[in-house]
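S.K.: So that we are looking at the same thing, I have put the structure below in structure tokens.
Number of protein chains: 2
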Amino acid sequence: MKISIHIISILLFTILSCKDNTDVAVNADDRQKGGHPNLILTQQSVLNIQSQLGEVPLFDKTLKQVKITVNTAIKAGIDVPIPKDMAGGYTHTQHKANYVNMQKAGVLFQILGDETYAIYIRDMLLEYAKIFPTLGRHPQERSYARGKFFWQCLNDSNWLTYTSQAYDCIYDWLPKEQTEYLNKTLFRPYADFLSVETPQYFNRIHNHSTWGNVAVGMIGLVMDDEELVNRALYGLKKADIDLEVKDNDGGFIYDKDGKAGFLANLDSPFSPDGFYTEGPYYQRYAMYPFMIFAQALQQKKPELKIFEYKNGVLLKAVNALLNLTDANGAFFPLNDGQKGMSYYTSSLVSAVDIAYFFGNKQPELLSIAKLQNKVQLDATGLAVAVGLRDEKEKPFVKQSIELSDGANGDEGAVGILRYNDANTTTGLVMKYTGQGLSHGHYDKLSFSLYENGDEVIQDYGLARFVNVEQKNGGGYLKENKTFAKQTIAHNTVIQNETSHFNGDFKTGSKFHSKKYLFDTTNKSFQIMSAKEDNAYPGTNFHRTMVMIKDVEFDKPYVVDVFKITSNRLHQYDLPYYYFGQIISTSFSTEAPQKLSALGTQNGYQHLWKTSESKAELESIQFTWMNNRIFYSITSATNKDDTAILARIGAKDPEFNLRRDPSLILRKNNTKSALFATIIEAHGTYNPVNEKANDAYSKFESIKILQNTDDYTALEFKMKSGITKKLILSNVNASKEAKHKLKLDANTYQWTGAYYFK
Amino acid sequence: MKISIHIISILLFTILSCKDNTDVAVNADDRQKGGHPNLILTQQSVLNIQSQLGEVPLFDKTLKQVKITVNTAIKAGIDVPIPKDMAGGYTHTQHKANYVNMQKAGVLFQILGDETYAIYIRDMLLEYAKIFPTLGRHPQERSYARGKFFWQCLNDSNWLTYTSQAYDCIYDWLPKEQTEYLNKTLFRPYADFLSVETPQYFNRIHNHSTWGNVAVGMIGLVMDDEELVNRALYGLKKADIDLEVKDNDGGFIYDKDGKAGFLANLDSPFSPDGFYTEGPYYQRYAMYPFMIFAQALQQKKPELKIFEYKNGVLLKAVNALLNLTDANGAFFPLNDGQKGMSYYTSSLVSAVDIAYFFGNKQPELLSIAKLQNKVQLDATGLAVAVGLRDEKEKPFVKQSIELSDGANGDEGAVGILRYNDANTTTGLVMKYTGQGLSHGHYDKLSFSLYENGDEVIQDYGLARFVNVEQKNGGGYLKENKTFAKQTIAHNTVIQNETSHFNGDFKTGSKFHSKKYLFDTTNKSFQIMSAKEDNAYPGTNFHRTMVMIKDVEFDKPYVVDVFKITSNRLHQYDLPYYYFGQIISTSFSTEAPQKLSALGTQNGYQHLWKTSESKAELESIQFTWMNNRIFYSITSATNKDDTAILARIGAKDPEFNLRRDPSLILRKNNTKSALFATIIEAHGTYNPVNEKANDAYSKFESIKILQNTDDYTALEFKMKSGITKKLILSNVNASKEAKHKLKLDANTYQWTGAYYFK
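The listed protein sequences derive, respectively, from chains A and B.
For the first sequence, the working numbering assigns the number 43 to the initial residue and increments by one for each residue that follows.
For the second sequence, the working numbering assigns the number 43 to the initial residue and increments by one for each residue that follows.
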């Protein structure tokens, strides 16, 4: 194939295609012809891109950057080392760079027509084909599914997913003998290795398997190998795996229904709202294979209508993911999630571009692409760049939203309340989902609170330094299991110092929390509420969180009502993981001579108890300062309740955990109990003019007026003298239900799930 | 005085003054006439300002903002409460707001000619005159010099310094009976109260007294009361004060030479380089009274030539202060210093404007004023705003600099090494000064390290939440004395767990460290070195710090050589207060069951010992990550040395201290000792693409080849295989001196204080 033919084609194409020059990813002629590239780039989309070079700024800019990257790599020379290292190590990093650079080189070859890039890919692939047959499984033995070039098949699947695209770009350029050689020596055996030879990896409902499925499917599409494509879509046919076996993440290595493959991984971990049960961090990771394979399938198997599958769940997933971010675009670290990961990551660049292209070109997505400041170098990225050039973007405004969990959307949800104005961007995230597969945490009804992209009350996230080799080769640290996953690491109630479901994955996977109420129609009073009946047998949890914007307040405050019903006496702990420095406490704090751990197991062994005090009052207050903002927690207590100040870091000889603080409210020897708390951002400190504005909470107290099976009634007393009553119906969340409640001398009547005045 | 007269004057003046319309602060006619205003604003400068309104953007913008502020205050009404509260409390905050608003209102009255502002000042002053005679000293008894409107005379002096300016602005507008009434009832008695009635406050060499002097001097100038002006300039004449008495800060309440007053406070705490011995935080605080009174004196007593006093020390002081900042403009928190205080503070806006106006209009100052984004509303601010409008600014580039300490510049210094390029802005600050009066810390030869405006190795600063009422009324916390001032809170050597000078202020005040070498001519090898012979009798310290930029490295690394000579056995501790999370340690760390304090006194009681290990090697390494940057410390050790990991927070029941970590290198039972350490920023972590670049130190080891009275020879071994030798002459810092040293088989010859190859 001579490249100069392209030039004529460009001219022709430019004339013919000026009517709608971005909609070219799918083209019947291309498919029938079977000519490569036909996976992500197509012959026609390449022509279209070429015809617009120099005219679409963001596309041109991305292309220029990619060119610099790949030219640098080519100059450095081809390096295909014998696999040896863990993540973060030299051979791992080199193989990773290789597939990234090959994929980019393929795109450059197609768009720029410079054979240098094709030669680079060819020579690299020949090196891989040379070593592949000589390799056993990777020498590092840590994974349940050791790979070839990498310590785990997961990374090998990354390699194959990216490399398939590069291979597709040079397929027709290579002599037939060479493609036959590569297919036979490298690609087909590699696909078999990742699937039939590693069923415990390939056949799960898990992001790992999605990568495996897609790797096999992508190379199958390139080689027109229907067997591989079907294996990718539907899983291994007769895999003989013990259904009870778990992998080293604690996850089952097979779906409970016996389904497997790409489509099963779309059916089951995604809810109809596009929420991925593992959580946003892994959803982000899985979005690339999901979306890129969908794009390839749409190209080569349009009859599958993959973007319409399960009511368009892939497009909804992108929307869900964008909503699961703080004001800076960083994902909420629900379950195992590394903080700082954000929609600026490359998989989200692809996802946003693909979703824009195949999803009715929503202009809100353009504003995200604008922030990302790069595009995928194909028809989808071109469409986005054209949209931006033509100033079609609209702001992506994140509103309050409830995202259901479970394949059918009936296994709980994540609720997000948001309030934005000139003073603040406040976000409150509550998790009342299912277990979330092997990356799930034991954190039923937990929450986290954000202001302006900063954490106010944090979710710890995972205990891992991804790709930092010194820290366990960049892999999960043992403290992820012993602390980060445990209930005490979260802002939810722990009974008797034991994690939810006793920290048992199998038990936790059987259950999910239940939505009770989510109503954000009134922006000044947004409410979400959920129940959990299985975390502790015989104990029922009902948590309601309200975000209230009072006209007298600069910012909204949060009311947290955690109702516990049980027939037996228990100890209940409710931690709030704040940040920063303590300014004042209503209870007297102590300074022990020696620090001891708060407990011996279930994560308690990792907390130093720095102070423990009796509440002494019926409403306690705790004020702290972080990021130059003052915050207070005001909470209804019994005088015998204790307030514990703790700090993470005990039993952590390698200093794997952050030394973050926590306020833990404890109720002892209680059957039923109610934690009623107000969380409030109320002032600022300016170290330049040394002014402390509103350093004091606006609340005097919070009082429990009544707490029965049917109703929970609270009174907030403000320092201004104003009081407010909040009454919650605990059993009927209907908007139409009429209620009547006697409190002391007064009778309150209202319609709907709550009363607030 | 009718305001409309002004309009005619403006027209006349505009015609007459267009030649040089900014140089009008000092005008002989004004002075002879004696007409008000003539303190900071003058009749002529007001006319000039009025003539340029609308034409000088930054001046106009500041004026607009000030107008909004004062109009809001006027709308809120006059509130002169009976004094009651500590700092941060209501009455304190209100009286503070009053003087700030009055000063601004005075300026607005003059510039805008709107009597509303004059009436506001008059009515407020009459309220003050009403309550003043009824007040004893402030009911809060904490200060050694309790004030009238505030808990300490210091704040009262603030009040009078600002209010004098407001009074000057309406002096001629007020009927003569009213000025006579105010002079007699409020101002003269107030000036006497702050001086003759409170000699232990007024007569010190201390920023407190400077405020006192200036308050009395400013009101003296307004009232043309020569007695007050002389009292301000030269102190109380026959004050009868016990020279040994100390105030509650630990400072002497009288100068050792018996001098006092404004000029004595210029003579003694300022070095010829303009460094103020209390440190930048208090220099910043004192700059306002120093500069504003200087401006007033230049106006009314030009024969004093105050800006030329002590070789122009006031102008040098502004330059010194701007150099004592990190990349964000925040002051290095040497001695008692609150972090975050920066050259954006209003006293620096005044200082920069006044220094520009009276100091040859240095265009570098304009770039600071541009960042400050506001100006002083007088002739100095107008000149700055005009300079900015006319684009005359040049960058203020902070270079390496040594700022001497002591009235004659012979009492040690602060050394700052800086390196700036595209990769980094690195700053290294070493303190080898005198004690620094009552706000001094016991931290001889301590240092701190900055990168891009962030602290890498921190100076703790002060233990205080300024103006946060809940924290001891916003005043100093007891932990300031028990921890923040102690040696162990700093990055310097502590002998036998006892602070320098045994933490005794009188002893510490007798001595200062000695400069040895400061050479920054070679930007790739900058060196500073100093000695301390008095911190521990019988023990001599010599610390040398070098900032080396190796072409193979992205950023400079720091070599820290701390040589100790003693005739007796001691324990030596050297802490490094890093931030962030530990990535790896060459020594094995432990996880104790219980945490104990590191010691019982001198600050050690506030540190939890989280790990203690034998070095086991002759070169240990400690790697951590903060702000997504990797850092390593590589240090030469004896195998029996110990590495202690500590965290601040023990014995702190009110949580007044930050929970920051420290690595403490300990040498036991040693006479002479050498700590030789490399501190290195070597890599980055990106949580979005999850890449760890250069996560490992580039150094294999650091080795002590020789350490004698005359020479210290070190060898750095890099992982690349390269070795470097650094030889320091310990007794001869001359650039011309020729040296010759045998090390093993080789003889090294060189000229100058060091050899490096």
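Just so it is clear, CB atoms sit at the ideal spot from N, CA and C, and this is done for glycine as well.
Because the structure is a prediction, the values reported are computed rather than measured.
1. Have a look at A/Phe-758, A/Tyr-753, A/Met-760, A/Ile-764 and flag the residue whose alpha-carbon is nearest the alpha-carbon of A/Gln-791.
2. Establish whether the CB of A/Met-383 and some CB of chain B are separated by less than 8 angstroms.
3. Measuring straight from C-alpha to C-alpha, what distance separates B/Thr-679 and B/Ser-661?
4. Report yes or no: is there a C-beta of chain A within less than 8 angstroms of the C-beta of B/Glu-511?
5. Would you call A/Tyr-796 buried or exposed, if buried means 16 or more other Cβ atoms sit within 10 Å of its Cβ?
6. Under 8 angstroms, do A/Ser-655 and A/Phe-672 count as touching if we go by C-beta distance?
7. Assign A/Ala-67 to buried or exposed, taking buried as 16 or more other Cβ atoms, counted over all protein chains shown, within 10 Å of its Cβ.
8. Runs of 4 residues minimum, wholly inside the region 345-394 of chain B: which ones carry the alpha helix (DSSP H) assignment?
9. Can you pull out the residues from the region 690-704 of chain B whose beta carbon lies closer than 8 angstroms to at least one beta carbon of chain A?
10. On the DSSP letters alone, give me the boundaries of the alpha helix (DSSP H) that A/Met-587 sits inside.
11. At 3 residues or longer, what runs of the beta strand (DSSP E) sit wholly inside the region 406-476 of chain A?
12. May I have the straight-line CA-CA distance separating B/Gln-182 from B/His-137, to the nearest angstrom?
13. Kindly indicate the opening and closing residues of the beta strand (DSSP E) around A/Arg-689.
14. How would you call B/Ser-571, buried or exposed, if buried means at least 16 neighbouring beta carbons within 10 angstroms?
15. With a threshold of 6 angstroms on Cβ separation, who are the neighbours of A/Asn-711 within its own chain once the five nearest residues in sequence on each side are excluded?
16. How far does the alpha helix (DSSP H) with A/Val-271 in it reach, from first residue to last?
17. Could you spell out where the alpha helix (DSSP H) holding A/Gly-478 opens and where it closes?
18. If you count every other CB in all the chains shown that lies within 10 Å of the CB of B/Ser-392, and 16 or more means buried, which is it?
19. Between the region 733-744 of chain B and chain A, which residues of the former have CB atoms less than 9 angstroms from a CB of the latter, in chain order?
20. Look at the alpha carbon of B/His-134 and the alpha carbon of B/Tyr-327, and state the distance between them as a whole number of angstroms.
21. Return the residues of the region 356-370 of chain A that lie within a Cβ-Cβ distance of less than 7 angstroms from chain B, sorted by chain order.
22. Considering only the alpha carbon of each residue, which of B/Val-256, B/His-483, B/Pro-175 lies closest to B/Tyr-204?
23. A/Leu-19 CB to nearest chain B CB: under 8 angstroms?
24. For chain A, is any of its Cβ atoms less than 8 angstroms away from the one on B/Asp-65?
25. Does chain B have any CB closer than 8 angstroms to the CB of A/Asn-143?
26. For a test of the three-state rule: what should DSSP assign to A/Val-601, helix, strand or coil?
27. Mind checking the region 621-636 of chain B against chain A and listing, in chain order, the residues whose C-beta falls within less than 7 angstroms of any C-beta there?
28. Please list, in chain order, all residues of the same chain as B/Ala-427 whose beta carbon is under 6 angstroms from its beta carbon, the five residues on each side excluded.
29. So for A/Asp-575, helix, strand or coil by DSSP?
30. Between which residues of its own chain and B/His-843 is the CB-CB distance below 7 angstroms, once the five residues before and five after are set aside?
31. Taking the alpha carbon of A/Glu-396 as the reference point, which residue from A/Gly-451, A/Tyr-330, A/Thr-540, A/Val-601 has its own alpha carbon closest?
32. Taking 8 angstroms as the limit between beta carbons, can you name the residues of its chain near B/Asn-788, skipping five residues before and five after?
33. What separation, rounded to the nearest whole angstrom, lies between the Cα atoms of A/Leu-275 and A/Leu-356?
34. Mind checking which residues open and close the beta strand (DSSP E) that includes A/Ser-93?
35. Residues of chain A with CB closer than 9 angstroms to the CB of B/Trp-253, please, in chain order.
36. So is B/Val-508 in contact with chain A if we call contact Cβ pairs under 8 angstroms?
M.R.: So, from the data block:
1. A/Tyr-753
2. yes
3. 5 angstroms
4. yes
5. buried
6. no
7. Confidence at A/Ala-67 is low in this model, with a pLDDT of 41, below 50, so the placement of that residue is unreliable and no value is reported for it.
8. 351-365
9. Gly-691, Ala-692, Lys-693, Asp-694, Pro-695, Glu-696, Phe-697, Arg-700, Arg-701, Pro-703
10. Looking at the DSSP string, A/Met-587 is not in any alpha helix (DSSP H); the run it does join, the beta strand (DSSP E), is 581-590.
11. 443-446, 455-462, 467-474
12. 15 angstroms
13. 684-690
14. buried
15. Leu-611
16. 268-276
17. Unbroken run through A/Gly-478: none, as it is neither H nor E.
18. buried
19. Lys-733, Ala-734, Ala-737, Tyr-738
20. 18 angstroms
21. none
22. B/Val-256
23. In the structure displayed, chain A extends from 43 to 799; residue 19 of chain A sits before or after that span and is not available.
24. The pLDDT assigned to B/Asp-65 is 41, lower than 50, so where the model puts this residue is not dependable, and the model offers no usable value.
25. no
26. strand
27. Gln-623, Ile-624, Ile-625, Ser-626, Thr-631, Glu-632, Ala-633, Lys-636
28. Val-98, Leu-100, Phe-101, Val-417
29. strand
30. The requested residue 843 of chain B does not occur in the structure, where chain B is confined to residues 43 to 799.
31. Checking the sequence, you will find Ile at residue 396 of chain A rather than Glu. The shortest Cα separation from A/Ile-396 among A/Gly-451, A/Tyr-330, A/Thr-540, A/Val-601 belongs to A/Tyr-330.
32. none
33. 15 angstroms
34. From DSSP, A/Ser-93 is part of no beta strand (DSSP E) but of the alpha helix (DSSP H) over 85-94.
35. Ordered by position in chain A, no residue passes the 9 angstroms Cβ test against B/Trp-253, which lies about 15 angstroms from the chain.
36. yes
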